[in-house]
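Participant: The structure is given below, and queries will be raised subsequently.
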Amino acid sequence: MRIREFRTDDWERIWPFWRRIVAAGETYAWDPATDEPEARALWTTGAGKRVHVVEDAAGGIVATAYVKPNYAGPADGVANAGFMVDPDHGGHGYGRALAEHVLATAKADGYRAMVFNAVVETNPAVGLWTSLGFTILGTVPDAYDHPRHGRVGLHIMHRAL
Ligand SMILES: CC(C)(COP(=O)(O)OP(=O)(O)OC[C@H]1O[C@@H](n2cnc3c(N)ncnc32)[C@H](O)[C@@H]1OP(=O)(O)O)[C@@H](O)C(=O)NCCC(=O)NCCS
4 MRIREFRTDD
14 WERIWPFWRR
24 IVAAGETYAW
34 DPATDEPEAR
44 ALWTTGAGKR
54 VHVVEDAAGG
64 IVATAYVKPN
74 YAGPADGVAN
84 AGFMVDPDHG
94 GHGYGRALAE
104 HVLATAKADG
114 YRAMVFNAVV
124 ETNPAVGLWT
134 SLGFTILGTV
144 PDAYDHPRHG
154 RVGLHIMHRA
164 L
């Protein structure tokens, strides 16, 4: 696997699994019907954003992450990040490898901490984040309408870098 910076022409290979993950409505607090231009803007644009992709051995893009300041001005040293692994390639270690890379590059870029604002409490990713040193600062109860679990909470998770 190779982790590298996003290039504009990568988007067409990200969009199919981005759409699938958001349409499932289980992990992101975005409209499941988000269209392609809005998705591209959400994932790849914005002040200070850095986007990474994972290529598998065949050169296909199997995962992506963004990192950006979670707040502005005097609080811009706290990062936020989002992660997506193509569901067809899940469970093969891409998510953990990408997260380790993102944490290292965010620290090298000068961030002091990383915060996830809305981790759906039923998401198996909670275990991944905890194993990487994140803690749950709190949970917004009853916040997320999950298609299988009903209303569940959203964790705010934090890790110093
Ligand atoms: C969360 C996600 C990034 C994990 O990526 P992945 O490549 O499948 O994860 P990995 O193979 O690196 O596994 C990482 C760990 O999480 C666990 N894990 C991952 N997906 C899991 C699942 N669906 N059920 C149970 N455990 C899971 C694995 O057991 C693994 O533990 P280990 O490293 O101790 O063996 C990926 O499932 C994804 O993109 N999900 C949809 C979007 C999402 O939820 N993003 C995060 C929002 S907070």
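This note's numbering applies: residue 4 is where the sequence shown begins, and numbers increase by one.
Ideal Cβ positions, reconstructed from N, Cα and C, are used throughout, including at glycine.
1) Does the Cβ-Cβ distance between ARG23 and VAL56 come in under 8 Å?
2) For GLY130, verify whether its CB is less than 7 Å away from any heavy atom of ligand 1.
3) Hey, quick one: how far does the beta strand (DSSP E) through PHE119 stretch, first residue to last?
4) Using the C-alpha atoms, what's the distance from TRP46 back to PRO72?
5) Following a CB-centred definition, is TYR97 positioned closer than 7 Å to any heavy atom of ligand 2?
6) With a 10 Å radius around its C-beta and 16 neighbouring C-beta atoms as the bar for buried, classify GLY85 as buried or exposed.
7) Just to confirm my understanding: we take ASP125, look at its own chain, exclude 5 residues before and 5 after, and list those with CB closer than 7 Å. What are they?
8) Consider the C-beta atom of PRO127 and the heavy atoms of ligand 1; say whether any pair is separated by less than 7 Å.
9) Beta carbon of VAL88, beta carbon of VAL123: below 8 Å?
10) Taking the beta strand (DSSP E) that LEU45 falls in, what are its first and last residues?
11) Cα-Cα, which of PHE9, TYR31 and ARG162 is closest to GLY63?
12) Count the other CB atoms within 10 Å of the CB of LEU157; is the residue buried (16 or more) or exposed (fewer)?
13) Do you know offhand how far ALA61's Cα is from ARG5's?
14) Could you check the C-alpha separation between GLY176 and GLU15 for me, to the nearest Å?
15) Can you name, in chain order, every residue of its own chain whose Cβ lies under 8 Å from the Cβ of ALA36, other than the five neighbours on each side?
16) What are the residues that DSSP puts in a beta bridge with PRO127?
17) At a cut-off of 7 Å, is PHE86 close to ligand 1 when judged by its beta-carbon and the heavy atoms of the ligand?
Facilitator: On the basis of the data shown:
1) no
2) yes
3) Per DSSP, PHE119 belongs to the beta strand (DSSP E) from 116-123.
4) 14 Å
5) In terms of ligand content, the structure shown lacks ligand 2 and carries ligand 1 instead.
6) buried
7) The question names Asp, but residue 125 is Thr in the sequence shown. Excluding sequence neighbours, THR125 sits near HIS149, HIS152 and VAL155.
8) yes
9) no
10) Premise fails: LEU45 lies in the alpha helix (DSSP H), 39-47, not in any beta strand (DSSP E).
11) PHE9
12) buried
13) 10 Å
14) Past the boundaries of the shown model lies residue 176; the chain is included only from 4 to 164, so the question cannot be answered.
15) ALA26
16) According to DSSP, PRO127 shares a beta bridge with no other residue.
17) yes
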